[in-house]
Amino acid sequence: MLKLFRFEKGIITEISAEDGKLNHALGQAHWVDAQEPEKPEREGLQNLMRLDLPISDEMEEIEASARYFVDQAGIHVHSMFLTQSEGRHTTSSVACILQPNRLITIRDTELADFRLLRMRARRGQVESHSPAELLVTLLEQKVENLADNLEDIHRNLENTSYLVLEEENSDLEEAIAQLAKSEDSNGKIRLCLMDTQRAISFLLRHLRAYPELQESCREIMRDIDTLMSHTTFLFDKINFLMDSTQGFINIEQNQIIKIFSIAAVVFLPPTLVASMYGMNFVNMPELQWMLGYPWALGLMLVSGITPYLLFKYKGWL
């Protein structure tokens, strides 16, 4: 699927590609957003760029030389974007190819950042005069979205903190599951921030003809530094809550073990008495004793109550 846009006096407007006029529309577009392009669309883009489009494996390469480079087609930036799948955060790489008169973005999935950018563009809330400015705007919006996700994680951690530290009879296993999910999301956000930091650093070296964009890039870098510190704080908070949750679980387990231990000690003397009087030797003096049965029951009762009272006196119960 291709979505094509033009810049008209700083305003981004969408243009449609009619059947049979795809190549003409591609030539007129300043921004080509390709999401899983079909074969005709891919061929049209390759003819326009005069090179093969990157595939998914190439976009996922982690080496800087593979993710950020310049060739005859333009400036290549393969950046990670945050997305959600089945309630969990995942990352998806987007290949951004910046040419003098065109920005081409190639991706495999629908992303909230692109959906929001298109919506804001239709409302006239995005101003862009060049493909380079649009690329910087896209990365800036990406950082804003990551900041919003960090706020959501912080809010979830506040709820988990109340669940662990204040709520009585809380489900600690559920708290651990929530903390693990928050840790995973925070890690992916930090990875996206680091990737954006590298992308902005690369663009700063190749956008020297746009001093106003360089200043915008520096502002984005300052925002990223702040957010990186915030992710560190969230990691510390997650670790604290995880340690606290495991500590409370250990306390609960120790309480259970304590109850079993006390029960074993309390019932040990009566068991010993019952074992002694359960023997049937011929020469046992109490074997024919008429009061032997109530005597044994009383002795077992006293031997069981005595350790219990001793534990209460010592404050162990």
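Numbering (our numbering), first residue to last: 2 to 318.
Every residue gets a Cβ at the ideal spot worked out from N, C-alpha and C, and that includes glycine.
| Check | Outcome |
| --- | --- |
| Residue 1, enclosing beta strand (DSSP E) - first and last residue | Shown here, the chain extends from 2 to 318; a query on residue 1 therefore has no answer. |
| Opening and closing residue of the beta strand (DSSP E) in which residue 69 lies | 69 to 72 |
| Pair within 8 Å by beta-carbon distance, residue 157 and residue 183 | yes |
| 4-residue-minimum alpha helix (DSSP H) runs that sit fully inside the stretch 122 to 202, ordered along the chain | 132 to 166 |
| Member of 149, 179, 148 whose CA lies at the smallest distance from the CA of residue 163 | 179 |
| Limits of the alpha helix (DSSP H) - the one that residue 36 falls within | From DSSP, residue 36 is part of no alpha helix (DSSP H) but of the beta strand (DSSP E) over 32 to 36. |
| Cβ neighbour criterion (16 or more within 10 Å) applied to residue 1 | The question about residue 1 has no answer here: the residues shown for the chain are numbered 2 through 318. |
| Supposed contact pair residue 97 and residue 136 - C-beta distance, whole angstroms, cut 8 Å | 6 Å |
| Three-state class that DSSP yields for residue 89 in the structure shown | strand |
| Check whether residue 190 and residue 147 have beta carbons under 8 Å apart | yes |
| Residues near residue 105 by beta carbon distance below 6 Å, same chain, minus five either side | 33, 98 |
| Simplified DSSP state of residue 10, which is helix, strand or coil | coil |
| Segment limits, beta strand (DSSP E) that includes residue 227 | It is not in any beta strand (DSSP E) - residue 227 instead sits in the alpha helix (DSSP H) that spans 212 to 278. |
| C-beta contact flag for residue 16 and residue 30 at 8 Å | yes |
| Outcome for residue 70 when other beta-carbon atoms lying within 10 angstroms are tallied against a minimum of 16 | exposed |
| Per DSSP, cross-strand counterpart(s) of residue 5 | 16, 33 |
| Cβ separation of residue 308 and residue 274, assumed to be a contact under 8 Å, to the nearest whole Å | About 13 Å; that fails the 8 Å criterion. |
| Through-space distance from residue 134 to residue 220, alpha-carbon basis | 14 Å |
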